[in-house]
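Residue numbers (my numbering): 219 to 447. Scroll down for the structure; my scribbles are underneath it.
This is the structure in structure tokens:
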């Protein structure tokens, strides 16, 4: 069961994430929010390969949720139930998509977009290449940070030094991203990606029974808060 999400069709993962957005619209009271979040938590405990990873994503989403709870409580007449409901709505909206986005494979997503959705080949290839470069940004950041520290330009514990160090790394990463984008564009043009109108695909875009089951489960989870209204 824990391989279902890992091997799932990327389109199914996107649809389940978007369905969670629809589900959050029905979270109008504390009871509905708790049950909806509990349903997603049970499904995640059964299907996700790593609960530690899901908890880290929950922590990231929880930070945004806490800010919403605080602002709603402060501006909503100090109504605790209303504030908690607003926070749970944010968690139900963002958590499924934040967790499932980590399992999206750019190449498999491009195959599905080009073959199953019949989207233009040039757009699909460019979109896939951009996603693949986006996933490597963290590695580029780490390499730039190590290079600066090795040259003796690392930050101190001073907040101003840390902010200056982060700004320098951000600018360097922007320059590196623009350079890589230029190289990739030249390489794609050299291989005929700019001129061709039709294109073949190396891998088939499969849709399995497990994908259908996962999609049905995602729609059922999204329907839970609407059924409780």
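For glycine and all other residues, C-beta sits at the position ideal for the given N, C-alpha and C.
- Residue 330 and residue 382 have their alpha carbons spaced roughly 42 Å apart.
- Residue 247 sits in coil when the DSSP states are folded into three classes, being neither helix nor strand.
- Between the alpha carbons of residue 310 and residue 292 lies a gap of roughly 22 Å.
- For residue 371, no alpha helix (DSSP H) segment is defined, and its DSSP state is neither H nor E.
- Nearest to residue 229 by alpha-carbon distance, out of 257, 319, 357, is 319.
- Annotation: residue 439 to residue 287 spans about 24 Å, alpha carbon to alpha carbon.
- Contact annotation: the segment 383-395 does not touch the segment 427-442, with fewer than three C-beta pairs closer than 8 Å.
- Rounded to the nearest angstrom, the gap between the Cα atoms of residue 269 and residue 407 is 43 Å.
- Contact between residue 306 and residue 245 holds, with the beta-carbon distance rounding to 6 Å and staying under 8 Å.
- In the three-state DSSP reduction, residue 225 falls in the coil class, being neither helix nor strand.
- The straight-line gap separating the alpha-carbon atoms of residue 272 and residue 264 is approximately 12 Å.
- Here DSSP, grouped into helix, strand and coil, assigns residue 411 to coil.
- For residue 346, the enclosing alpha helix (DSSP H) stretches over residues 339-353.
- Its chain contains 272, 275 as the residues whose beta carbon lies nearer than 6 Å to that of residue 317, once the 5 sequence neighbours on both sides are disregarded; these appear in chain order.
- The beta carbon of residue 298 sits closer than 8 Å to those of 291, all from its chain and outside the five residues before and after it, given in chain order.
- Approximately 5 Å separates the beta-carbon atoms of residue 442 and residue 254; this is inside 8 Å, confirming the contact.
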